[in-house]
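In this note's numbering, the protein residues as written are 18 to 245.
This report refers to the structure that appears directly beneath it.
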Amino acid sequence: MAESNVEIAPSILAANFASLAQEIRAVEQGGVSLLHVDVMDGHFVPNISIGVPVVASLRKATRLTLDVHLMIENPERYIEPFAEAGADMISVHQEATPHLDRVLSAIREHGREAGVVINPATPVAALSEVLPTVDYVLVMSVNPGFGGQAFLPRVLGKIRQLKELRARYDYAYRIEVDGGIGPDNVVETVRAGAQILVAGTSIFHTPDPTAAVRKMRQLASEALATKV
Ligand code: DX5
Ligand code: ZN
18 MAESNVEIAP SILAANFASL AQEIRAVEQG GVSLLHVDVM DGHFVPNISI GVPVVASLRK
78 ATRLTLDVHL MIENPERYIE PFAEAGADMI SVHQEATPHL DRVLSAIREH GREAGVVINP
138 ATPVAALSEV LPTVDYVLVM SVNPGFGGQA FLPRVLGKIR QLKELRARYD YAYRIEVDGG
198 IGPDNVVETV RAGAQILVAG TSIFHTPDPT AAVRKMRQLA SEALATKV
């Protein structure tokens with residue numbers, strides 16, 4: 018059942034890039050199964066982060082599922098390179114391309130999970146034509162481009178809406194949330210319906226990332242267990 022499990026996806030954007038393998042070991046010990054990888058091009062978002070070669074190196078360094086979040090213009094040009102580099106999940110922004118359906122199909126044709134992302138200003142309604150086919154929907158809870166920003170509580174309504182639509186139409190997507198997630202808001206995001214929680218700062222900018230992950234996993238399972 019889609020809701021029986023919540024996963025924490027550490028975002029390596031907040032990790033020390035000079036010792037990535039060590040940072041990854043720490044969150045693996047905390048029991049995560051996903052690693053969130055933020056790709057930024059300096060055009061779609063103001064920041065520049067990492068690209069295909071880093072994903073290829075990560076693929077060699079870990080067996081964790083690589084959840085690649087593309088914050089780039091022309092995502093259609095980069096699906097194949099990221100798929101070949103070893104991405105397991107690839108998400109593209111609804112706002113980044115006029116050819117959303119084509120890009121999502123390309124991700125699936127490469128045998129990867131296809132996700133669609135919406136910025137805080139984009140309504141769920143903008144996804145109506147792709148919801149039947151996507152594997153996951155990523156709801157941004159900050160404006161993309163930077164780690165360490167404050168969670169925007171108004172996006173909880175969109176998470177609830179996605180959960181309701183899935184139940185009403187029997188869709189299969191998972192719901193992911195990204196930005197400003199930490200121990201203070203795990204419970205409310207899980208109760209709203211989020212199943213993959215991306216967290217960077219609240220994991221890697223702590224003295225003990227393993228403990229931070231464990232704490233968030235525990236909060237998430239408590240939220241599921243006490244759900245009304
Ligand atoms: C923001 C990125 C996020 C970011 C989250 O554009 O998509 O994945 O790393 O970082 P925190 O958890 O610090 O908000
Ligand atoms: Zn992200």
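Where a beta carbon is used, it is the ideal one built from N, C-alpha and C, also for glycine.
Here the structure is a predicted model, which means the values were calculated and not measured.
Check, Outcome
"Inter-stretch contact (C-beta, 8 Å, three-pair minimum) for the stretch 120 to 127 and the stretch 153 to 165", "no"
"Simplified DSSP assignment, three categories, for Ser-66", "coil"
"Gly-174, DSSP secondary structure in three states", "helix"
"Where the beta strand (DSSP E) through Leu-81 begins and ends", "Looking at the DSSP string, Leu-81 is not in any beta strand (DSSP E), and its letter there is neither H nor E."
"First through last residue of the alpha helix (DSSP H) which encompasses Arg-208", "203 to 209"
"For Leu-83 and Arg-191, the rounded distance between their alpha carbons", "16 Å"
"Same chain, Cβ closer than 6 Å to Val-109, neighbours up to 5 away in sequence not counted", "Leu-87, Pro-92 and Val-120"
"Cutoff 8 Å; reference Pro-98; Cβ partners in own chain excluding five residues on either side", "Val-69"
"Residue environment, Phe-61, which counts as buried when at least 16 other CB atoms sit within 10 Å", "buried"
"Burial state of Gly-48, where buried means 16 or more other Cβ atoms lie within 10 Å", "exposed"
"His-230 Cβ short of 7 Å to the ligand ZN heavy atom set", "The amino acid occupying residue 230 in the given sequence is Val; His does not appear at that position. The answer is no for Val-230."
"Of the residues Ala-104, Arg-171 and Ile-176, the one placed nearest Val-134, counting alpha carbons only", "Ile-176"
"8 Å Cβ shell around Ala-100 - same chain, five flanking residues per side excluded", "Ile-107, Ile-124, His-127, Gly-128 and Arg-129"
"Residues sharing a beta bridge with Ile-107, DSSP", "Val-85 and Ala-131"
"Nearest residue (CA-CA) to Ala-73, options Pro-161, Val-54, Asp-58 and Asn-136", "Val-54"
"Residue nearest to Gly-162 in terms of C-alpha spacing, selected from Arg-42, Pro-63, Gln-39 and Ala-78", "Pro-63"
"Cβ-heavy atom distance, Asp-58 to the ligand ZN, below 7 Å", "no"
"Beta-carbon proximity of Ile-220 to Val-44, cut-off 8 Å", "yes"
"Distance cut-off 7 Å: Thr-79 Cβ against heavy atoms of the ligand DX5", "no"
"Option nearest Arg-171 by Cα separation, candidates Pro-149, Val-141, Val-147 and Asp-152", "Val-141"
"CA-to-CA distance, Tyr-188 to Ser-104, given in whole angstroms", "For clarity, residue 104 is Ala in the given sequence; the question names Ser instead. Rounded to the nearest angstrom, the two C-alpha atoms are 24 Å apart."
"Opposing strand residues paired with Met-249 [DSSP bridges]", "Shown here, the chain extends from 18 to 245; a query on residue 249 therefore has no answer."
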